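These notes are about the structure you will find just below.
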Amino acid sequence: MVAVFNKELLSWYLITLKLRETVESAIPKSPAGGTQLLEFPEKHQQELQKQQTAPSDSLQIVIKEDGENCEDETKSPDPEWVIIIKEKLEQARQDDAAGSWEKLCIYRVPHYLREGDDKAYVPQIVSLGPYHHGKRRLRQMDRHKWRALHHILKRTDKDIQQFLDSITELEEKARSCYEGSIGLSSSEFVEMMVLDGCFVLELFRGAAEGFKQLGYSRNDPVFAMRGSMHSIQRDMIMLENQIPLFILDRLLGLQFDDPDQKGLVAKLALGFFDPLMPTDEPLTKTEKNKLESSLGYATAFDPLADQGEVHCLDVFRRSLLRTGPKPIPRIWIKRKPSANRVADKRRTQLIHCVTELREAGIKFKKRRTDRFWDIKFKNGVLRIPRLLIHDGTKSLFLNLIAFEQCHLDCSNDITSYVVFMDNLINSPEDVAYLHYCGIMEHWLGSDAEVADLFNRLCQEVVFDINNSYLSRLSQDVNHYYNHRWNTWRASLKHNYFGNPWAIISLVAAVVLLLLTFTQTFYGVYAYYRPGS
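Residue numbers (this note's numbering): 32 to 563.
Below is the structure:
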């Protein structure tokens, strides 16, 4: 292929090419199998080289050996949209190569869950971590974060550079805990981790040791167990508002000159979040010992043990579920192995509502335990632990469910419990009866609000009933419910033994029936045996 840069040169070259074809047809083949080409005079060769190297603005032409010509046609660069696609593919390749999903534990709540109540997932007072960092309505708390950092440096006589250098070592590991890219520079990210982490630790230690002992005045607007503390606790338990636990461990270790200490932050976190517990069932020491001996395994949750917690929400969730092995889920749909089956959102009905179960003769009783999820069923009696509903319960359950939906390394036990209670509660009457039995206590405005709360908690949740620890219990309840004799017996008791007057009426009717039967018998007997 020969490139020609001038129209006059093109003419010369075409003439030469034609002459070459004519001459080659008359020249015999060379021994090597080629043809002896006509050589250009030296003058013509120099002129040709000069014209080829000379710059020209003329139209560029490409001449192929077969004599065809076309317009320029040096390869043009890829279009912009193709370049963007290639960049995205390169980023995907890097993500897969880095294995960035393995350490992911702090997620953005999926949009399909936010449709229920976005406010339950978004902090209202304080931001922790990068997801809500810098939002205007949350900046008011920043000055109190700096106050907390100042108190720590003053109390420990440490230099801020020591904190910054130590967290810089963990920056890459901390970034991998968050979903998506973080639009903060290295210095901004480290500053945020130190500032937010020290603020969290001051709250934890203040709740355990007393804020006055840490150097805060009794009328402090933030560092005091009153005022906005409940709202701060609710913000700090949200999934999008978490800081990796190893960052908090490192910052607390620096204060105690023990950078590698673990477990103490988890213990402090449990004490701080205790008011958010969904149960307040007081148990005596004897009752606790009796409960643990009857269960047959250790039930205490040890926050000082390294159990793989990833952040404070995970610590709180593990403390709620402190227990040994749970019942093995019973497979309801025997089509494919559970490992290969996709959860079906259409099949979330575990059990009938309270009203329907009562009509089938099932009784409800409160179970004396501090584990609100530990439900038992035996001999037609459904025993449910006491559940306390307050204004923070909705946000707490929603964030726990969101974490279980996103994080693959945890079970769906909280989701199973909430779905079970959602099935039980269909109306304010169901809530009222559970309250009457001592199973449910709430601080909301009405029973209707509680019923609406549970009916909305799992509105968009994808849940597999075959993977629920309550699936076996639910199947036992449904089997009892479907037995017709239980329904008839319950109907008889409800209609004729509901109050003393109904019982008296029934007894009188039975006596009257017996007397009528006796009179009829003797009348017939006298007719057929008159002599006797």
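The beta carbon of each residue, even a glycine, is placed where N, CA and C say it ideally should be.
Note that this is a predicted model, so its numbers are computed, not measured.
Check: Where R438 sits in the DSSP three-state scheme; Outcome: Looking at the sequence provided, one finds His at residue 438 rather than Arg. Correct three-state label for H438: coil.
Check: Residues of its chain near L48, where Cβ-Cβ distance is below 6 Å and the 5 sequence neighbours each way are ignored; Outcome: none
Check: Same chain, Cβ closer than 7 Å to L279, five either side skipped, listed in chain order; Outcome: G228, V231, L232 and V296
Check: For Y209, the three-state DSSP class (helix, strand or coil); Outcome: strand
Check: Straight-line Cα distance separating Q436 from P306; Outcome: 25 Å
Check: Same chain, Cβ closer than 7 Å to K407, five either side skipped, listed in chain order; Outcome: R398 and R414
Check: Three-way DSSP call (helix, strand, coil) for I114 in this model; Outcome: helix
Check: 6 Å Cβ shell around S426 - same chain, five flanking residues per side excluded; Outcome: A151 and R265
Check: Straight-line gap, H142 to L201 (C-alpha atoms, nearest Å); Outcome: 30 Å
Check: Selected residue, minimal CA-CA separation from V157, among G241, M269 and S217; Outcome: M269
Check: Sequence-distant residues of the same chain with beta carbon closer than 7 Å to V449, five excluded per side; Outcome: F428, I432, L488 and C489
Check: Local Cβ density within 10 Å of P154, reported as buried at 16 or more and exposed below that; Outcome: buried
Check: Reduced DSSP secondary structure (H/G/I, E/B, other) of K293; Outcome: coil
Check: Beta bridge counterpart(s) of E146 as assigned by DSSP; Outcome: Answer by DSSP bridge pairing: none, since E146 is not bridged.
Check: Continuous beta strand (DSSP E) stretch holding K409: start and end; Outcome: K407 to K409
Check: Cβ-based neighbour list, H473, same chain, cut-off 7 Å, excluding 5 preceding and 5 following; Outcome: I420 and V481
Check: Assigned secondary structure, T84 (DSSP; H/G/I helix, E/B strand, else coil); Outcome: Caution is warranted here: a pLDDT of 49 is assigned to T84, below 50, making its placement in the model unreliable, and no coordinate value can be reported.
Check: DSSP-derived helix/strand/coil call for P561; Outcome: coil
Check: For I198, three-class secondary structure by DSSP; Outcome: helix
Check: Close beta carbons around R236, own chain, < 8 Å, minus the five adjacent residues each side; Outcome: L245 and L299
Check: T400 versus R417 - alpha carbon distance; Outcome: 8 Å
Check: For L413: DSSP bridge partner residues; Outcome: F395 and F408
Check: CB of Y512 within 9 Å of CB of H383, strictly; Outcome: yes
Check: Distance, D148 Cα to N486 Cα; Outcome: 13 Å
Check: Pairwise C-alpha distance: K243 and A255; Outcome: 8 Å
Check: Identified DSSP bridge partners for L419; Outcome: E472
Check: Cα-Cα separation between Y464 and R139, rounded to whole angstroms; Outcome: 38 Å
Check: Status (buried if at least 16 other CB within 10 Å, exposed otherwise) for W112; Outcome: exposed
Check: Among E340, F220 and E121, nearest to L276 - alpha-carbon criterion; Outcome: E340
Check: Anticipated Cβ contact below 8 Å, L184 with V225, distance rounded; Outcome: L184 to V225, Cβ: 11 Å. No contact.
Check: Own chain residues within Cβ distance below 8 Å of G211, not counting five before or after; Outcome: R139
Check: Expected contact under 8 Å - CB spacing of E491 and L144 to nearest Å; Outcome: 6 Å
Check: For I263, the nearest candidate out of Y209, F303, C136 and Q193 (CA to CA); Outcome: F303
Check: Distance CB(H438)-CB(C136) smaller than 9 Å; Outcome: yes
Check: Between the CA atoms of A123 and T114 - distance to the nearest angstrom; Outcome: Looking at the sequence itself, residue 114 is Ile, so the reference to Thr does not match. I114 and A123: Cα-Cα distance of roughly 14 Å.
Check: Continuous alpha helix (DSSP H) stretch holding R236: start and end; Outcome: S217 to E240
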